[in-house]
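Residue numbers (full-length UniProt numbering): 1 to 387.
What follows is a set of notes on a single structure, which appears directly below.
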Amino acid sequence: MNLDSIGRVQSPRVIRIGGGVAEEVAEVLTQLGLSRPLIVTDTNLIALGHVGTITDVLDSAGIVWGMFDQVVEDPTDSCVDAGLAALRSGDFDCIIGLGGGSPMDTAKAISFMSVNAGHVRDYKAPRQIDRCGPPVILIPTTGGTGSELTRWCVITDTAQPEKYNLSGLACVATAALIDWRFTVTKPLRITADTAVDSLTHAIEAYVGRKAFAYTDAFALAAMAAISKHVRTACNEPDNAEARAGLMLAASQAGMAFSNASVALVHGMSRPIGAHFHVAHGLSNAMLLPAVTEFSVGSAPARYATCARVMGWAEESETDTIACAKLVEGLKVLNADLMVPRPSELGHRADGDMLALMATQALASGSPQNNPRVPSADEIVELYQKVW
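Right under this line is the structure:
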């Protein structure tokens, strides 16, 4: 470890974690001096009753609220514009983002675009968005994205198929209420995909070029918990220990990658989502074994530690053996979680499409944080291998 390296950390002012903390939302609003929230969510969460859990608490506290429930999966600039209109239609002093990564990222974007001129694409990374809008309180219901603790959000452009990263202080929530009880309604596919999304966050934060001691601790803890609990949560959806473990791990991984960034898997994942509408966690899972195999030789000690902390390699084994076991373990995990190839979902990508995706991946900046920085041709080869 480089003792002279400097870590820069951003996180919410208020973080509450545990079963039932979502019901403390009115108390947290009062603590922050807030009283007129706009709830940003989607219609599925209304049907599941999760939104009602929050609105019942607000009603009991006499807090008047509004709602924007038209968030779409992989939220678009149009979705942000519609939410922004909803915010401006009332006298709201804060935003509650309730849901998975899509509602939480939309809530962030609505907040900062309410005080920053132009189109949301004008602010894509590496530009930092530091002018903050109304306070954002995030309540995750899936566990996986870690958005509740990160300085990032991802929005899809409707003018051209592109997902862009947005980051900065304005993307950091004011408060995060992390309640694992919401996750027991997740089906197996979403449970698996969000868990591997968290695992990817943790691994990339740990092996990436911007890693430092503070983020290492979160990343390693997340890896251990995910490897322990993911199969149980998929097979026993009501298992409280597994659900709580994965929810905590998602937040730990979120804290890690928010401050140490992600790498090649995420850079390659976003174009798959933008062009083929594959869920983000699933596209990460498709890529993780192949990208890890491509990268291990450039940071063997770090990747070996990943294998050991997940229980896939022994401390007595060499880094080379541990790295091989990590790659094999990721392949076995994908098989156990029934992760398909893109082609198995009916997606076809010719040479021109793969070249465009490679260009977009490199333009995101994430591949440059990878232990082994790829060329565009190498990214195309990885896509071909994964396809």
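Beta carbons are placed, not taken as given, at the ideal position from N, Cα and C, and that holds for glycine.
Alpha carbon to alpha carbon, how far is residue i from residue j?
i, j, result
"Ile-129", "Asp-197", "24 angstroms"
"Gln-368", "His-266", "11 angstroms"
"Thr-156", "Leu-287", "20 angstroms"
"Tyr-383", "Leu-48", "37 angstroms"
"Ile-6", "Phe-212", "8 angstroms"
"Tyr-303", "Leu-333", "16 angstroms"
"Ala-225", "Asn-44", "28 angstroms"
"Ala-240", "Leu-199", "20 angstroms"
"Gly-19", "Trp-180", "6 angstroms"
"Met-104", "Ser-147", "7 angstroms"
"Thr-123", "Gly-245", "In the sequence as presented, Thr is not what sits at residue 123; that position holds Tyr. So the two alpha carbons sit approximately 35 angstroms from each other."
"Ser-283", "Asp-91", "39 angstroms"
"Val-296", "Ala-205", "14 angstroms"
"Pro-126", "Ser-167", "8 angstroms"
"His-275", "Glu-162", "7 angstroms"
"Leu-87", "Leu-38", "7 angstroms"
"Ala-195", "His-280", "11 angstroms"
"Trp-387", "Pro-342", "5 angstroms"
"Val-28", "Asp-238", "28 angstroms"
"Asp-377", "Gly-351", "11 angstroms"
"Glu-314", "Thr-359", "39 angstroms"
"Ala-335", "Lys-325", "15 angstroms"
"Ile-110", "Leu-345", "33 angstroms"
"Thr-158", "Ser-78", "7 angstroms"
"Thr-183", "Glu-293", "31 angstroms"
"Lys-331", "Ser-89", "49 angstroms"
"Phe-68", "Val-380", "39 angstroms"
"Ile-190", "Val-339", "11 angstroms"
"Thr-106", "Ile-321", "43 angstroms"
According to DSSP, is residue i part of a helix, a strand, or is it coil?
i, result
"Pro-140", "strand"
"Glu-162", "strand"
"Gln-368", "helix"
"Lys-210", "coil"
"Leu-98", "strand"
"Gly-133", "coil"
"residue 407", "Within the shown structure, residues of the chain are numbered from 1 to 387, placing residue 407 beyond reach of any answer."
"Met-67", "strand"
"Met-1", "The pLDDT assigned to Met-1 is 48, lower than 50, so where the model puts this residue is not dependable; a value taken from the coordinates is nonetheless given after this. Residue state, collapsed to three classes: coil."
"Leu-337", "coil"
"Thr-145", "coil"
"Thr-43", "helix"
"Val-332", "helix"
"Ile-83", "Before going on, a small fix: residue 83 reads as Gly here, not Ile. If DSSP states are grouped into helix, strand and coil, Gly-83 belongs with the helices."
"Asn-116", "coil"
"Ser-269", "helix"
"Gly-346", "coil"
"Ser-375", "coil"
"Leu-62", "Inspection of the sequence shows that residue 62 is occupied by Gly rather than by Leu. In this structure, Gly-62 counts as coil in the three-state DSSP scheme."
"Lys-108", "helix"
"Arg-8", "coil"
"Trp-387", "coil"
"Ala-263", "coil"
For a quick check, are the C-beta atoms of residue i and residue j less than 8 angstroms apart?
i, j, result
"Val-14", "Ala-175", "yes"
"Ala-26", "Ala-82", "no"
"Val-136", "Gly-97", "yes"
"Ser-364", "Asn-165", "yes"
"Val-291", "Met-268", "yes"
"Ala-253", "Ala-219", "yes"
"Leu-34", "Cys-94", "yes"
"Ala-222", "Leu-337", "no"
"Ala-260", "Thr-215", "yes"
"Leu-169", "Pro-12", "no"
"Val-80", "Val-51", "no"
"Ile-178", "Ser-227", "no"
"Asp-74", "His-277", "yes"
"Cys-153", "Leu-188", "no"
"Val-71", "Val-40", "yes"
"Ile-63", "Ile-139", "no"
"Ser-258", "Pro-371", "no"
"Pro-271", "Ala-361", "yes"
"Ala-202", "Ala-256", "yes"
Can you name the residues that DSSP bridges to residue i?
i, result
"residue 389", "Past the edges of the chain, shown from 1 to 387, lies residue 389, and the structure says nothing about it."
"Cys-153", "Leu-166"
"Val-14", "Ala-175"
"Thr-30", "According to DSSP, Thr-30 bridges with nothing at all."
"Thr-76", "Thr-156"
Kindly say whether residue i, judged by its beta-carbon, lies nearer than 8 angstroms to any beta-carbon of chain B.
i, result
"Asp-319", "The chain labelled as chain B is not found in the depicted structure, where only one protein chain is given."
**Request:** Give, in chain order, every unbroken run of the alpha helix (DSSP H) that is at least 4 residues long and sits entirely within the stretch 280–330.
**Result:** Qualifying alpha helix (DSSP H) stretches, in chain order: 280–295 and 300–309.
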